[in-house]
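Note that the numbering used here has the sequence shown beginning at 272, numbered continuously upward. Glycine included, every Cβ here is placed at the ideal spot set by N, Cα and C. On a predicted model such as this, the values are computed, not experimentally measured, just so you know. Have a look at the structure below, then the notes.
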Amino acid sequence: MEFTPSKLNTFLLFKLPSAYFCGVRTKQINKEQCTVSVKHRWINQNPFNSMYFAVQAMAAELSTGALVMYHIKESGKKISMLVANNKSTFTKKARGRITFICTDGHLIKDAITQTIATGEGQTFWMKSVGTDEAGDVVSELQFEWSVRVKP
Numbered sequence: 272m273e274f275t276p277s278k279l280n281t282f283l284l285f286k287l288p289s290a291y292f293c294g295v296r297t298k299q300i301n302k303e304q305c306t307v308s309v310k311h312r313w314i315n316q317n318p319f320n321s322m323y324f325a326v327q328a329m330a331a332e333l334s335t336g337a338l339v340m341y342h343i344k345e346s347g348k349k350i351s352m353l354v355a356n357n358k359s360t361f362t363k364k365a366r367g368r369i370t371f372i373c374t375d376g377h378l379i380k381d382a383i384t385q386t387i388a389t390g391e392g393q394t395f396w397m398k399s400v401g402t403d404e405a406g407d408v409v410s411e412l413q414f415e416w417s418v419r420v421k422p
């Protein structure tokens with residue numbers, strides 16, 4: 272799969288439909304960063320008139336996971352990927368359009384090189400920061416990714 276926002280959004284529709292129907296969309300991706308956005312609306316709200324935390328987690332995870340997928344494709348090897356752990360902090364009600372940016376693309380290449388060389392799984396943490404339209408941070412989510420070369 273070519274890594275363009277359009278292709279990733281189509282991938283969401285067929286492989287992660289709950290994220291797609293909640294409005295999660297990839298806006299930009301390159302080898303260093305990925306930007307994902309989601310707008311607060313009725314289908315993704317909580318009882319407190321803000322975006323449900325799980326929707327924020329879906330968008331944040333996509334911003335990190337798409338980068339992992341990008342680097343796996345560049346490696347030319349068959350490598351499995353899995354979220355092993357996550358941490359999150361929510362600092363403000365998420366209303367309006369929330370944009371999640373992960374700039375940790377540089378962390379992935381070493382882990383992929385190591386798993387190819389050793390055949391053993393490698394783990395690394397990636398962070399995605401969600402900001403509202405005013406530029407205020409509403410949430411910060413971290414994901415521990417595990418990669419392993421497939422036998």
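Whole-Å CB distance - GLU411 paired with THR360, under 8 Å assumed: 5 Å
ILE383 beta carbon less than 8 Å from that of VAL400: In this structure, ILE383 does not lie closer than 8 Å to VAL400 by Cβ.
7 Å CB neighbourhood of ASN280 in its chain, flanking five on each side removed: Closer than 7 Å at the Cβ level, and outside the excluded window around ASN280, lie ARG296 and THR297.
Nearest residue (CA-CA) to GLY294, options GLY336, THR362, GLN304 and GLN327: Ranking GLY336, THR362, GLN304 and GLN327 by Cα distance to GLY294 puts GLN327 first.
Anticipated Cβ contact below 8 Å, THR386 with VAL418, distance rounded: 5 Å
Pair within 8 Å by beta-carbon distance, ARG368 and SER308: A contact, by the Cβ cut-off of 8 Å.
Proximity of ASN357 and PHE414 at Cβ, strictly below 8 Å: yes
Runs of alpha helix (DSSP H) lying entirely within the stretch 336-414, each at least 4 residues, in chain order: 377-389
Endpoints, the beta strand (DSSP E) within which LYS310 is located: 305-310
Beta-carbon gap between HIS311 and MET322 smaller than 8 Å: yes
Residues bridged to TRP416 [DSSP beta-bridge criterion]: According to DSSP, TRP416 bridges with VAL354 and PHE395.
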